[in-house]
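Trainee:
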Amino acid sequence: MMYKQVYEAWQQDPEKFWMKAAEAIDWVKPPSKALFDDNAPLYEWFCDAEVNTCYNAVDRHVENGKGDQTAIIYDSPITGRKSKISFAELQVKTANMGGALLAQGVQKGDRVIIYMPMVPEAMVAMLACARIGAVHSVVFGGFAANELATRIDDATPKAIIAASCGIEPSGVIAYKPLVDGAIELAKHKPDTCIILQRDELQADMVAGRDVDWHECQQGISPAECVAVKGNDPLYILYTSGTTGQPKGVVRPNAGHLVALNWTMKNVYGVNPGEVFWAASDVGWVVGHSYICYGPLIHGNTTIVFEGKPIGTPDAGTFWRVIEEHDVKTFFTAPTAFRAIKRVDPKGEFVKKYDLSGLRYLFLAGERADPDTIKWAQDQLGVPVIDHWWQTEIGFPAVCNPVGIEELPVKLGSPAVPMPGFDIQIVDDAGKPLPTGELGAIVAKLPFPPGTLPTLWNAEDRYKSAYLETFPGFYETGDAGYVDEDGYLYIMARTDDVINVAGHRLSTGQMEEVLSNHPDVAECAVIGVSDALKGQLPMGFLCINAGVDRDPSEIVAECVKLVRSEIGPVAAFKLATVVDRLPKTRSGKILRGIMVKIADGAEWKMPATIDDPAILGEIETALSNLGYPAKG
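The opening position of the sequence shown corresponds to residue 1 in the UniProt record's numbering, with each subsequent residue numbered one higher.
1) Below 8 Å on the Cβ atoms is my guess for P309 versus A336; work out the distance and round it to an integer in Å.
2) My assumption, with CB atoms under 8 Å, is that D223 sits in contact with G99. Please give the rounded CB distance.
3) Apart from the five residues on each side of it in sequence, which residues of its chain come closer than 6 Å, Cβ to Cβ, to L467?
4) If K410 sits next to R359, beta carbons under 8 Å apart, how far is it from one beta carbon to the other, in whole angstroms?
5) Specify the secondary structure class of K187 as computed by DSSP and reduced to three states.
6) For my contact list, L234 and A130 are in at a C-beta cut-off of 8 Å; report their separation, rounded to the angstrom.
7) Is the beta carbon of G450 less than 7 Å from the beta carbon of F395?
8) For S506 and M491, which I take to be in contact (beta-carbon distance under 8 Å), what is that distance rounded to the nearest angstrom?
9) Check whether the Cβ atoms of V250 and W456 sit closer than 7 Å, and answer yes or no.
10) Which first and last residues belong to the alpha helix (DSSP H) in which T372 is found?
11) Per DSSP, which residues does C542 bridge with? Please list them.
12) Could you name each continuous alpha helix (DSSP H) segment of 4 residues or more that falls completely within the stretch 315-342, going from the start of the chain to the end?
13) Nearest by alpha-carbon distance to P414: which of I25, D386, R585, T435 is it?
14) How many Å lie between T79 and P612 at the Cα?
15) Skipping 5 residues on each side, what residues in its chain have a beta carbon closer than 6 Å to that of T242?
16) Considering V409, what are the terminal residues of the alpha helix (DSSP H) in which it resides?
17) According to DSSP, is Q535 helix, strand or coil?
18) Since K596 and I589 are thought to touch, with beta carbons under 8 Å apart, how far apart are those beta carbons, to the nearest angstrom?
19) Is it buried or exposed for K352, if we count other Cβ within 10 angstroms and need 16 for buried?
20) So, do the stretch 128-143 and the stretch 111-118 have three or more beta carbon pairs nearer to each other than 8 Å?
21) Are the beta-carbon atoms of G166 and P120 separated by less than 7 Å?
22) Using 8 Å for Cβ pairs, my map puts P295 next to T302. What's the rounded Cβ distance?
23) How big is the Cα-Cα spacing for V211 and E23?
24) So, for Q202: in the same chain, excluding its five sequence neighbours on each side, which residues have a beta-carbon less than 7 Å away from its beta-carbon?
25) Taking just the CA atoms, how far does I297 sit from Q91?
26) May I ask you to report which of helix, strand or coil DSSP gives V529?
27) Span of the alpha helix (DSSP H) holding T150?
28) Quick one: give me the first and last residue of the alpha helix (DSSP H) that S289 is part of.
29) Give me whichever residues DSSP pairs with G439 in a beta bridge.
30) Which residues mark the beginning and the end of the beta strand (DSSP E) in which E168 is found?
31) Give me, in chain order, the residues of the same chain whose beta-carbon lies closer than 8 Å to that of V350; leave out the 5 immediate sequence neighbours on both sides.
32) Out of curiosity, what's the CA-to-CA distance linking C558 and A333?
33) Just to confirm before moving on: does the CB-CB distance between A21 and V304 stay below 7 Å?
34) Please tell me whether G269 and G403 are closer than 7 Å, where the distance is taken between their beta carbons.
35) Can you confirm whether the stretch 176-187 touches the stretch 52-68 when touching is taken to mean that 3 or more C-beta pairs between the two stretches lie within less than 8 Å?
36) How should M1 be labelled, buried or exposed, when 16 other C-beta atoms within 10 angstroms of its C-beta is the threshold for buried?
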């Protein structure tokens, strides 16, 4: 079947489609039906089933004779360590840690916060929670104590599992003092903290509360897999909220298993036994879906990579990992490729490695500009697939499904909707817009299995944040349009669609034009307040390494380029060259904060920011342009 046939099969009979997909999962008690809509618009899937996620990700492969296959490859250029864990070894490790959690009083349904760097133990901790039916909430290692405290109070964990430290190119980051500070700030106090002591830094332990990762597993009974209901939560993952209060996205066990397993072959084109690598972090949704659960459920080998795209040790580290571990499908963020391209624009490092085994590169997390895609295509010689989804969604909603059919790549588009997603473009009143017209991107309810059914302890907030603006639809918060072939174009967050003298313009479209300038490595465009036109676009340009030109010349050329490609209506006159752009640790550009600085509005240091010092550089650049405007 080709893509169109598969999508139409879902449209004609969603129940049949998802029940068929559910046959690939090993159930304790199979579901009697797929969709449960008694509590619409809070839809749920496979509610009457019983299942265990850890069993499907680990134990069943051992029982099916795949115990010797490598489940996890640990590759840490930042420490020089490498190791491999087979499915049989992973079964022992998860059973032992599950037993340790039970011995510490953690029961089915209890929450456990995991605060760890990119080490295999982070995966073991996640799977051990799933094994005993506990609900894990992974918080990105290195988050500030007050942000961790907020999550402790919301999730009310029985236990915290943490490492003594994380290791960045800048040095060792002590995690334990952040954990101690967060517990002190939080109203809720966990009963126990399990600490993985790393060689680079040994943490001080709090008597009566803290236990050592290795010591707590001594003399305990290994845990068996516990059956949970299909709609029981597997994990809570916090995403930033506009109010400053993080939103706890809930992921149910059964739908998550069915959806992720389906995507591995159909979307990513990998077969069981092959190596799949998502270069992300377990603190993000990509780490949950495509470092931990998706590959292991499907029987793939996954890579836990502790390093950076550049600087650990150079811009060739990705290519070295792909060659050394025979990666078939590689998934990372566009920002990683922009960083590599900036340092190695001619691809000299790519030439040093044999990448003939690589079939596909997938990009997601930040809009993939056509220039970056073209560079990647030229360097790697494989299809470069942009695809779109969100923390809330949990897996690709719009993609080129190479495992079903390799559709033509259209630069700037993540391609077409996947089964389960009826994507539409509407105006502010919810009225459908014609082909090619920019508007809000919404998805018709019910959402497919594996997506969020609600927010943790915040049902009303879930409805107000996602369901009330456009009744009957999920509000994505993104803006874009659909072309005549049904390809979706994500142009900006709806907040980043600016209004210049009554014209709704996409900052993403302007960034696309700017990134085509040969000297521009990456860029960001924001809308700043203007007394006459309402808003004006302002560009921030990062220049390729080795370019020795007057920045004002590059700015002038970029202004001319936007005027030529988009037209005078864009009123693009303000731009400046900066060394870096402020980003989250997952690579998203913090445009909203840049807007607040430019407009002189109050702003709060984002918890997810990679390097707070960059905002000082942005303030200086804005000041040189006369912003915030006086009076």
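For every residue, glycine included, the Cβ atom is placed at its ideal position computed from N, Cα and C. Just so it is clear, the structure is predicted and the values come from calculations on it, not from any experiment.
Mentor: Result, derived from the coordinates:
1) 4 Å
2) In the sequence under discussion, the amino acid at residue 223 is Ala, which differs from the Asp named in the question. Sure, about 4 Å apart at Cβ, within 8 Å.
3) P41
4) Between R359 and K410 the Cβ distance is about 20 Å, and since that is not below 8 Å, they are no contact.
5) coil
6) 6 Å
7) yes
8) 4 Å
9) yes
10) 370-380
11) E522
12) 317-325
13) D386
14) 25 Å
15) For T242, the predicted model reports a pLDDT of 48, less than 50, meaning its position is unreliable and no value from the coordinates is stated.
16) From DSSP, V409 is part of no alpha helix (DSSP H); its letter is neither H nor E.
17) strand
18) K596 to I589, Cβ: 14 Å. No contact.
19) exposed
20) yes
21) no
22) 4 Å
23) 41 Å
24) S164
25) 13 Å
26) Looking at the sequence shown, residue 529 is not Val but Ser. Correct three-state label for S529: strand.
27) 145-155
28) S289 -> no alpha helix (DSSP H), and no H or E assigned at all.
29) G480
30) 165-168
31) G316, W319, D344, Q379, L380
32) 25 Å
33) no
34) yes
35) no
36) exposed
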